[in-house]
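Inspection log for the structure reproduced underneath, given as structure tokens.
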Amino acid sequence: MSQSTTNVESSPPGAPLLCPPDGGFSLQSPNFLNDALLAGEEDSRQSRGTSAQRMDSELSVLFEHARPSGEAISELASNRSGYGVAWLLLEFKRKGRTDFPLQNLDLSSFSLSASKLKLLLTSIRKGPNVLLETLKCGAHVCRDPCLPVLLELFLPPQGEGPDGLPGVRSKTLSLSDCDLGPAAPSIFNVLPESLEHLGLSENRLRKAAMEGLGSLLSSGRLPALLSLDLSDNPLGPSGVRALAEGICSASRPFALKSLKLSRTRAKAEGVEALAQALKAKETTNGLQILDLEGNKMMAEGLKHLVSALSARSVPHLRVLILKGNSLSHVTPVERDYSPIRQLLCTSVLAELEELDLSSNVLFDIYAAATAPVVAGAAASLAFPGRFPKLRRLDLGGPFWSQMSAEQLLAFATALQVDGAPSLEELVIPRTGGNVGESPEGVVAFANAINAGRLSQLTSLTLQNRSDMTGESFAAFSRSLSTGKTPLLQTLDVEMHNGHAEKGVEAIAETIQGGELSLLRTFRLDLRGRLSIVTDSGAIWKLGASLGCGGCPALQTLELNWREEGDVGIGGLAQGLGEGGLPCLEDLSLDVKCWGEGEGSGFVDFGEVLSTGKVPSLRTLTIALGPCDSVPFLCEGLSRGRMGPRVQVDLGLSGDGNIDEAVTRLADLIREGKFSSLQKIAFKGFYMLSESGGEMLGEALTHADACMNSLEEIFIEKQSSESVVSLLKGLCRGAGRLPALESLRCPPIDSQGAECLHALVNGAKIPALRDLKWVGMGGVESLTAALNSPNISALRELEVGLCLTACGGSFPGGAVAAVKVFSTALSSGNLRRLEELCVRTVRAPEATLALCEGLNSGKMSSLRKLQLHEVSLETEGAKALSEVVLAEKLPCLRTLVATSTRLTDAGFQALAEAWMSQPPPPLERLHIQYNNLTGGVTDILLKLLESDCLPALENVKLYSNYGMDEHARSLLSVAFPEVIDFGSW
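In this note's numbering, the protein residues as written are 1015 to 1998.
Spelled out as structure tokens, the structure:
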């Protein structure tokens, strides 16, 4: 196929354009042309002598009528089959033969050659009205040889002087997740002055890139820039400082309204530099959005930020995101709450609409309840006139994000005062006190709702609280029935303390009364401790109430509870069957049923699902345990058919009559009535018997099962015997699992490996991407499977060879076994593998054999290599140093070597290899739990100072107990952004 790049300008204006000049492409019709082309098929047969000019004219009319969108053209251009049509459309537009708007171009999936990209972009660049509102790029077009072609898009056409045509103008440029790295400055140099929105998240940008961007901002060459997103880049304090210095030294005021620096490792030092830039009011005065999530700024960093805010540096700030920043931490154990109090007591954020403080320790819940500071900090959030425009407040997060009962009382009381903010979205955190503590805070919150102080709420999340007693939960639930939250669209409530019946019944009555008619998402979690069982009658009422039509807009429903019997699930079946949820798309249930029950509830539930009573349903997630209820569910499902329209995740746990459950489930699958199963997980320990595993395996690959949607099988917690039986069953069936991507197994023997080989060799699992295989034997069969061309989809592989120095029962011992496995690494069939984890190869000679396989150069896509309990003493480390080079592993980003007995001499071999030969683009080096001592300090400092690993972001060294405090101090002071001793 020709790859010519003939100049499209050489064709005269009237020449027909029926194929791209590099030729050879089938101009496959896009969907929006299908009808028109089919309609003209008869005419085409009758006019085979039609001239090219006439066809050209007809296509012009056709294209003008179709008016394809930028999205359609982008999709066509991204692959070989549609490229020709995309080029033709753009050429017709360039020549003026047709006119359609081209505002957006998405190249994130473009995978063709640089010459094809050049042809495509030339048609845009030399056309009229060269304004692309939005250009989205991907990693392929942002690396050589495509990158120079992309850069030309923004330059004046060749031959144009300074007063000639400009390059393409664009308002939004998305370069997120493009793996820019060191290439970023070259892109910065050609950014158009028209640019308003620049997305650079997830690009491995560091200090050097920020110096280039800072210089660009300082020069004033992006006068229209409104938003800048640098999230998920390892900028570190120095990178954030370089950016801040560029902002500070700007020659003219910024138009910048949004700055996103989430998860950039800014720490306190970076936030301090940013705060100084913010204080230069003339440059950031218009800032409205500031996102600093996940930067570990701690109390010190917050102090600097509050100082800048208090100086009225950003008077128009509308959104402030400080999620996950350890805002009160001084050390892992020491707290300082004063910066938080200063932030919450400031009066200079009058325009603030969104405040995210989640995943932080905000309040001192252990202070004396009578201390004014305890209540004061929480009440400050709702103090009249302090945050008058606040609409979204998130205080939630993991277990450490807590608000005591007294603090909730102060907050809820403040909400009832005139002038308090009119919140629209609110997340109230959990509390870690004892169950049954004073419920006054929850009651006060319910009173705030009753008083109409939260009438604008559209989203409410109430995390599990120990002060949520049965009575206070009922008071809260009844407050929802007053009609004082008419706009509520999301309701997420956790109540784990028991005695929830009255509250559940109150919610059911609220739904029946139509007071939650706008609800789109409803989550109610009543699981709590194992001893807590919710009254079945209350659950039945809630489930049945959903059928009355009181929540016609509900799209997502998640219910979690424990009950005796299955009356509650029967109520849900009744509600679903009555058609009162016409928009329901996602249904998630985690139900634990104990005691004797007739099973009719599960039968009815299964029947409702399988007979299409919920036609809008698209995803169903069911977690059941014990498994006594599974046969009844299967009976109901067998009365109809769960087709591929609904994707089902099934999780089974606990104990009970598991064989009967598996038998009924296997029957259902074998009959082709559960073809929508997407994931099956056995979460309890040793649930599957050998006979049950074999029966289930045979069913999954039965000729009539049609398991074309099954993507994941999780059986890690089962016995090796039952897993082998399941694999044997999979082999016996005549069908395939064409979508299976993940197979997670426990340690198994050689028979299991033989089954895996048979599955792979028989092309029964062609889509397998993720394989975890921890086995005591079967190395030869496992290797044969990995050597098969049918394993080419594999992207993640974890193997635990469990080989001691003697190699177990393998003939020839550990070395011979690893040599056999290594042939898979050198075969080329794993050339697309991206992650490899090898465990428990403890014989030094076996490590050498492993490195021989890795040294083949056939692992060119490997991005992550993990070695756990793999012997890396001196000779092993030397062998590894010959492997982890750019020549052998050109894409390697992460190297993990833990519990490998790596010594100073071994690390020196690695370092010297990287300083003498081109290393891979390592970003993370994790060598904790080894035998390193202070003697490694000099060579490590030399390595880092040499800058031969310019992309290196993180070196984990903790639990190397031979490293003394002096060595730790030297390394931490020299490279504080890179070295990690795990102290925090």
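All residues carry an ideal CB built from backbone N, CA and C; glycine is no exception.
Our two residues, Asp-1604 and Arg-1139, have alpha carbons roughly 55 Å apart in a direct line. The beta carbons of Leu-1540 and Ala-1558 sit no closer together than 8 Å. Pro-1412 sits exposed, since fewer than 16 C-beta atoms from the chains shown fall within 10 Å of its C-beta. Within the region 1696-1742, the runs of alpha helix (DSSP H) that reach at least 4 residues and sit entirely inside it are, in chain order, 1704-1714. Excluding the 5 residues flanking it on each side, Leu-1785 has same chain C-beta neighbours closer than 6 Å at Leu-1757, Leu-1811, in chain order. A straight line joining the alpha-carbon of Leu-1319 with that of Ala-1282 spans about 9 Å. Taking 8 Å as the upper bound for CB-CB distance, Ala-1567 and Leu-1532 are in contact here, some 6 Å apart. When C-beta atoms of the region 1760-1779 are compared with those of the region 1794-1807, three or more pairs fall below 8 Å, so the two segments count as touching. Contact annotation, Val-1441 with Asp-1408: C-beta distance approximately 4 Å; criterion of less than 8 Å satisfied. Note that the C-beta distance between Ile-1261 and Leu-1214 is not below 8 Å.
Contact check for Phe-1989 and Leu-1971: beta-carbon distance about 11 Å, past the 8 Å limit, so the pair fails to qualify. Contact check for Leu-1275 and Leu-1239: beta-carbon distance about 15 Å, past the 8 Å limit, so the pair fails to qualify.
The continuous beta strand (DSSP E) containing Arg-1758 extends over residues 1756-1758. Secondary-structure assignment with DSSP links Glu-1577 through a beta bridge to Cys-1607. Annotation for Arg-1183: the continuous beta strand (DSSP E) segment containing it runs 1183-1188. Taking C-beta atoms as the reference points, Gly-1234 and Arg-1279 fail to come closer than 8 Å. In summary, Tyr-1975 is exposed, with fewer than 16 beta-carbon neighbours lying within 10 Å of its beta-carbon over all protein chains present.
In its chain, beyond the 5 residues on either side, Glu-1712, Thr-1715, His-1716 have a beta carbon closer than 6 Å to the beta carbon of Gly-1747.
Ser-1733 has its alpha-carbon roughly 13 Å from the corresponding atom of Glu-1708. Within the DSSP bridge table, the entry for Ser-1473 names Glu-1439, Thr-1504 as partners. Across the structure, Ser-1630 and Gln-1588 are spaced so that their CA atoms are roughly 17 Å apart. Between Asp-1549 and Lys-1555, the alpha-carbon positions lie close to 10 Å from each other. Sixteen is the threshold: since fewer than 16 other Cβ atoms of the shown chains lie within 10 Å of the Cβ of Gly-1609, the residue is exposed. Counted as a single uninterrupted DSSP element, the beta strand (DSSP E) harbouring Phe-1536 occupies residues 1535-1539. Comparing alpha carbon positions, the residue from Val-1628, Val-1617, Ala-1392, Ala-1860 closest to Gly-1650 is Val-1617. Here Arg-1326 is exposed. Its C-beta has fewer than 16 other C-beta atoms within 10 Å. Membership of Leu-1864 in the alpha helix (DSSP H) is indicated by the continuous run 1858-1868. Between Ile-1729 and Gly-1706, the gap from beta carbon to beta carbon reaches 8 Å or more. Per DSSP, the continuous beta strand (DSSP E) segment holding Asp-1120 begins and ends at 1118-1121. DSSP places Cys-1359 inside the alpha helix (DSSP H), whose first and last residues are 1352-1359. Note on geometry: alpha-carbon atoms of Ala-1893 and Glu-1849 lie some 20 Å from one another. By the neighbour-count definition (other C-beta atoms within 10 Å, threshold 16), Gly-1890 is a buried residue. A direct Cα-Cα distance of roughly 29 Å separates Ala-1637 from Arg-1492.
Pairing Val-1737 with Leu-1691 gives a Cβ-Cβ distance that is not under 8 Å. Between Pro-1443 and Glu-1485, the CB-CB gap reaches or exceeds 8 Å.
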